[in-house]
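In what follows, a structure is listed as structure tokens, so that the remarks can point back to it.
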Amino acid sequence: MEKNELKTYSAKLNYNLAQLELDYYQHLILAKLFEKFNTIYFKGGTCLQKCYGIKRFSEDLDFNYVSLDINTIIKFIETVFKTKIIDRHKTRFGTSFSVQFQGILYDGSKQSLCKISFDFREHDTYNALLKKIIRPIYKDLPQYFLLALNEEEILSEKVRAIITRYKARDVYDLNELLLNGAKIDFELINKKLKTYNKKFNKKEFKEKLEEKKSIYNEEIKRLTNIYDNFDTCKKRILKAFNIK
Numbered sequence: 007m008e009k010n011e012l013k014t015y016s017a018k019l020n021y022n023l024a025q026l027e028l029d030y031y032q033h034l035i036l037a038k039l040f041e042k043f044n045t046i047y048f049k050g051g052t053c054l055q056k057c058y059g060i061k062r063f064s065e066d067l068d069f070n071y072v073s074l075d076i077n078t079i080i081k082f083i084e085t086v087f088k089t090k091i092i093d094r095h096k097t098r099f100g101t102s103f104s105v106q107f108q109g110i111l112y113d114g115s116k117q118s119l120c121k122i123s124f125d126f127r128e129h130d131t132y133n134a135l136l137k138k139i140i141r142p143i144y145k146d147l148p149q150y151f152l153l154a155l156n157e158e159e160i161l162s163e164k165v166r167a168i169i170t171r172y173k174a175r176d177v178y179d180l181n182e183l184l185l186n187g188a189k190i191d192f193e194l195i196n197k198k199l200k201t202y203n204k205k206f207n208k209k210e211f212k213e214k215l216e217e218k219k220s221i222y223n224e225e226i227k228r229l230t231n232i233y234d235n236f237d238t239c240k241k242r243i244l245k246a247f248n249i250k
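Per the working numbering: the sequence shown = residues 7 to 250.
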């Protein structure tokens, strides 16, 4: 893939060049990971974009995994990209790291290196997984299969995210999942919250949702050109959760 060819895909995805490059390499590594491993499960915003048609750009690759040594995954990713990982650190429930490499847009400068960030969380999957066929728009990338969390489980994780972190994209994603018809499973939400020693509380959820209003427009406009405003999202979410 050359830079000029990459440009031809911009109108199809409404991404800038840097986003297109990252999207391209996300597909490449996803195909290779799921060809190699069968106990990792795709989730998060990039999963929503690639598996469930949600129209926003997403930067990171998030997974749950079981019965696998994280170092085995890391060594495989290093082999694929022919580079060592950077920024490795233990999270509360898993491991995060990044790879930085010379991609399509590399021009010799450090600033032009492509960077992909990964997050792996162990033992956090409850529902049946879905086997998804992914067909990248890029002509030189073949279709591939992956295992993904279903929409109800991702919705539960987005509820947890709204309660436990400060990112507006979680509000956008939850709104889009509800528009897609994803069901709310309070038992599953509480399983997800148990790792934080929490239970779903309507008052707390409403307060945490409202906290994202001040950052919503600035964050979401960098990820997509078409989105519901915050008040529309909030109204739909509170109605779905029967919160006044």
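Where is the CB? At the ideal position from N, CA and C, for every residue including glycine.
What does DSSP give as the partner residue(s) for residue i in the beta ladder?
i: F49; result: Note that residue 49 corresponds to Lys in the displayed sequence, not to Phe. Answer by DSSP bridge pairing, in chain order: D68.
i: V105; result: I122
i: G100; result: R127
May I ask which residues mark the beginning and end of the beta strand (DSSP E) holding residue i?
i: D93; result: I92 to K96
Comparing alpha-carbon positions, which option in the options lies nearest residue i?
i: L229; options: L153, K61 and K88; result: K61
i: I190; options: S73, F87, R242 and F43; result: R242
i: C120; options: S16, D237, F247 and Q25; result: Q25
i: K197; options: L12, I249, E159 and A134; result: E159
i: F43; options: V72, I169, V165 and K116; result: V72
i: Y233; options: E182, S162, G100 and P148; result: E182
i: N207; options: L244, S118, F124 and S102; result: L244
i: Y47; options: L155, K240 and A246; result: L155
i: K218; options: A167, K205, N231 and Y202; result: A167
i: R171; options: T201, K214, L153 and S16; result: K214
i: T201; options: L19, D179 and H129; result: H129
i: L152; options: D93, Y21, L67 and E27; result: L67
i: T85; options: L135, K38 and C57; result: K38
i: L36; options: E216, Q149, N248 and K9; result: Q149
i: K49; options: K18, S162, I226 and E210; result: S162
i: S118; options: L23, N235, N248 and E11; result: L23
i: E216; options: C239, L199 and K205; result: C239
DSSP state of residue i, grouped into three classes?
i: A154; result: strand
i: R127; result: strand
i: A188; result: coil
i: F206; result: coil
i: K200; result: helix
i: D146; result: coil
i: F3; result: What the structure shows of the chain is the stretch from 7 to 250, and residue 3 is not part of that stretch, so it cannot be assessed.
i: D179; result: helix
i: R166; result: helix
i: L111; result: coil
i: L229; result: coil
Counting along the chain, where does the alpha helix (DSSP H) carrying residue i start and finish?
i: K38; result: L23 to K42
i: I139; result: Here I139 belongs to no alpha helix (DSSP H); instead the beta strand (DSSP E) covers L136 to I140.
i: R242; result: F236 to A246
i: S16; result: S16 to L19
i: Y233; result: No alpha helix (DSSP H) holds Y233; DSSP gives it neither H nor E.
i: E11; result: K9 to K13
i: N77; result: I76 to F87
i: S73; result: Segment: none, S73 is in no alpha helix (DSSP H) and carries neither H nor E.
i: N223; result: K219 to I226
So, do the stretch 137-153 and the stretch 175-188 have three or more beta carbon pairs nearer to each other than 8 Å?
Counting C-beta pairs with one atom in each stretch, the stretch 137-153 and the stretch 175-188 have fewer than three that are closer than 8 Å, which means they do not touch.
The stretch 70-90 / the stretch 164-182 touching (three or more Cβ pairs under 8 Å):
Output reads no: the stretch 164-182 does not touch the stretch 70-90.
Taking contact to mean at least 3 C-beta pairs separated by less than 8 Å, is the stretch 49-60 in contact with the stretch 97-115?
Counting Cβ pairs under 8 Å, fewer than three are found: no touch.
Touch test, the stretch 96-106 against the stretch 122-129, Cβ-Cβ under 8 Å, three pairs minimum:
At 8 Å Cβ cutoff, the stretches touch.
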